[in-house]
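Just below is one structure, and these are the notes that go with it.
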Amino acid sequence: MVNTVLEQHSYNYKFCLWLLVKLMFSISLPFIYADDHADLSFQTGLRGILQDYNRKRQLKFSSTLPVSLTEMKSNMFTVKRPFSTSHSSVDSKEMKKFQLLAHKWWDEEGEYAALHSMNDIRVPFIRDTLLSMSSNYHMGNPLSGIKILDVGCGGGLLSEPLGRLGASVTGIDPVEDNIRTADRHKSFDPVLAKRIQYKSSSLEEIVEESMETFDVIVASEVVEHVADLETFIKCCSQVLKPEGSLFITTINKTQLSYVLGIVVAEKIMGIVPEGTHEWEKFVPPEELERLLESNGFSVKTVHGMLYNPLSGSWSWTGSTSLNYAVHAVRAGAGAQPHATDTPPQTDTQQRPATAGTAGTVPHATV
4 MVNTVLEQHS
14 YNYKFCLWLL
24 VKLMFSISLP
34 FIYADDHADL
44 SFQTGLRGIL
54 QDYNRKRQLK
64 FSSTLPVSLT
74 EMKSNMFTVK
84 RPFSTSHSSV
94 DSKEMKKFQL
104 LAHKWWDEEG
114 EYAALHSMND
124 IRVPFIRDTL
134 LSMSSNYHMG
144 NPLSGIKILD
154 VGCGGGLLSE
164 PLGRLGASVT
174 GIDPVEDNIR
184 TADRHKSFDP
194 VLAKRIQYKS
204 SSLEEIVEES
214 METFDVIVAS
224 EVVEHVADLE
234 TFIKCCSQVL
244 KPEGSLFITT
254 INKTQLSYVL
264 GIVVAEKIMG
274 IVPEGTHEWE
284 KFVPPEELER
294 LLESNGFSVK
304 TVHGMLYNPL
314 SGSWSWTGST
324 SLNYAVHAVR
334 AGAGAQPHAT
344 DTPPQTDTQQ
354 RPATAGTAGT
364 VPHATV
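One rule links them: number in our numbering = place in the sequence shown (from 1) + 3.
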């Protein structure tokens, strides 16, 4: 009898939680697809929910993060990004977070489920952009001959599909257990074992041994975890070949990203482990573009990304108020204009492309 009552209470709790999340997502969804200028309406719609949640849960981080949307708005443009004085992009606190989860990378329904499903849009984005930048095409292996550096590769969730497309991938991560997990997983596929190599290394260490070595760098869900973003971008420029491509996906620093990316995703739904993200380290696209351009990159495309926690799937959107993807090209002598990067089949924020090819990137669609 007692067990039956407990089970009923558990079911009721989960059901109410599901309804709350669905309500919040339904309220915010029109604003995500519509425009970034919906802050006031969004604030009005969610202020009560957020304040009630903060009051009941008494979040431990309330002393360091804005607990209301009003406070957040007043602080949004006054909080400066913390930069490391050591000129290293590796944050030791971030390493400890991911150390604890190193064995869970390949659990497609676990803590990294959202990253697994992100491959459905980020891999085609990388592939199709590269294919549009060169006339060489390798049937069956469209990225054959391309040297890719996957920075912050974790357990290899992005390295492996890029390797299957024919690329030669070097995955680096400062957490040794992540590298062990990635090495173990690729060993089950003899093809990947030849195409991918993993190193427990920081980006700064790669700079020392691999100046202007790579055709492409991917840094997916990484820049919001680094200690010094400017040092990170500078190092990316140093290891890329002239006219090489840099792909970044990350989280914008907005009211919406705080509510959905931290309160809902971490505190309520557990889509990602609690404490994974710090709102102060989220990166507005304007700041990222400024750092890229000041370090010799030309930003070609900025695409908004949206994760639907109810379906567990990602899609492209015209708004960058939550997640977004960036493609930038390092400047190089003799760069030739080419057609605008091929966007996903949705509304996007698009920039004219003026760079040349990146290494021996094929040119085709697959």
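For each residue, glycine too, the CB sits at the ideal point set by N, CA and C.
| Check | Outcome |
| --- | --- |
| Are the Cβ atoms of L165 and I151 separated by less than 8 Å? | yes |
| Cutting at 6 Å between CB atoms, please list the residues of its own chain near S203, excluding the five before and the five after it. | E179, I182 |
| Going by Cα to Cα distance, which pick from E224, S147, R167, E208 is closest to K189? | R167 |
| Determine the closest residue to P245 out of Y201, R198, E224, N298, with distance taken between C-alpha atoms. | N298 |
| What is the DSSP secondary structure of Y261, reduced to helix, strand or coil? | helix |
| Three or more C-beta pairs closer than 8 Å, one from the segment 121-141 and one from the segment 102-111: is that the case here? | no |
| Between the Cα of F285 and those of K270, S318, T304, Y327, spot the shortest distance and give me the residue it belongs to. | Y327 |
| D176 bridges to which residues according to DSSP? | S203 |
| Taking all protein chains shown into account, do 16 or more other C-beta atoms lie within 10 angstroms of the C-beta of F191, making it buried, or fewer, making it exposed? | exposed |
| Please classify L313: does DSSP put it in a helix, a strand, or coil? | coil |
| Per DSSP, which one or two residues make a beta bridge with R198? | According to DSSP, R198 bridges with nothing at all. |
| Do you know offhand how far V267's Cα is from P276's? | 11 Å |
| Can you tell me the Cα-Cα spacing of S316 and F235, whole angstroms? | 29 Å |
| Please tell me whether, using a cut-off of 7 Å, the distance from the CB of D192 to the nearest non-hydrogen atom of the ligand ATP is below it. | In terms of ligand content, the structure shown is empty, and the ligand ATP therefore cannot be addressed. |
| Quick one: is S162 buried, meaning 16 or more other Cβ sit within 10 Å of its Cβ, or exposed? | buried |
| Could you check the C-alpha separation between A170 and K256 for me, to the nearest Å? | 33 Å |
| Which residues bound the beta strand (DSSP E) around A268? | Unbroken run through A268: none, as it is neither H nor E. |
| Taking the C-alpha atoms as reference points, what is the distance between I175 and F217? | 13 Å |
| Can you tell me whether V194 is buried or exposed? The criterion is at least 16 other CB atoms within 10 Å of its CB, across all chains shown. | exposed |
| DSSP state of V221, grouped into three classes? | strand |
| Classify E143: buried if its beta carbon has 16 or more other beta carbons within 10 angstroms, exposed otherwise. | According to the sequence shown, residue 143 is Gly rather than Glu. Exposed. |
| What did DSSP end up calling K59 once you bin it into helix, strand or coil? | Caution applies to K59, whose pLDDT of 44 falls short of 50 and renders its modelled position unreliable; the value that the coordinates give is listed next. Three-state DSSP puts K59 in a helix. |
| Going by DSSP in three states, S137 sits in which element: helix, strand or coil? | coil |
| Hey, could you find the ends of the beta strand (DSSP E) V332 is sitting in? | 326-333 |
| For E277, which of helix, strand or coil comes out of DSSP? | coil |
| Where does S297 fall in DSSP's three states? | helix |
| Per DSSP, which one or two residues make a beta bridge with G307? | T320, Y327 |
| Does DSSP classify L104 as helix, strand or coil? | coil |
| For S248 versus V329, is the C-beta distance shorter than 8 Å? | no |
| Pull up the distance between the alpha-carbon of S135 and that of H306, whole angstroms please. | 17 Å |
| Rounded to a whole number of angstroms, what is the C-alpha to C-alpha distance between E283 and E207? | 23 Å |
| Going straight from the alpha carbon of G335 to that of G148, what length do you get? | 20 Å |
| Given S213, which residues of its chain have a CB within under 6 Å of its CB, disregarding the five upstream and five downstream residues? | V242 |
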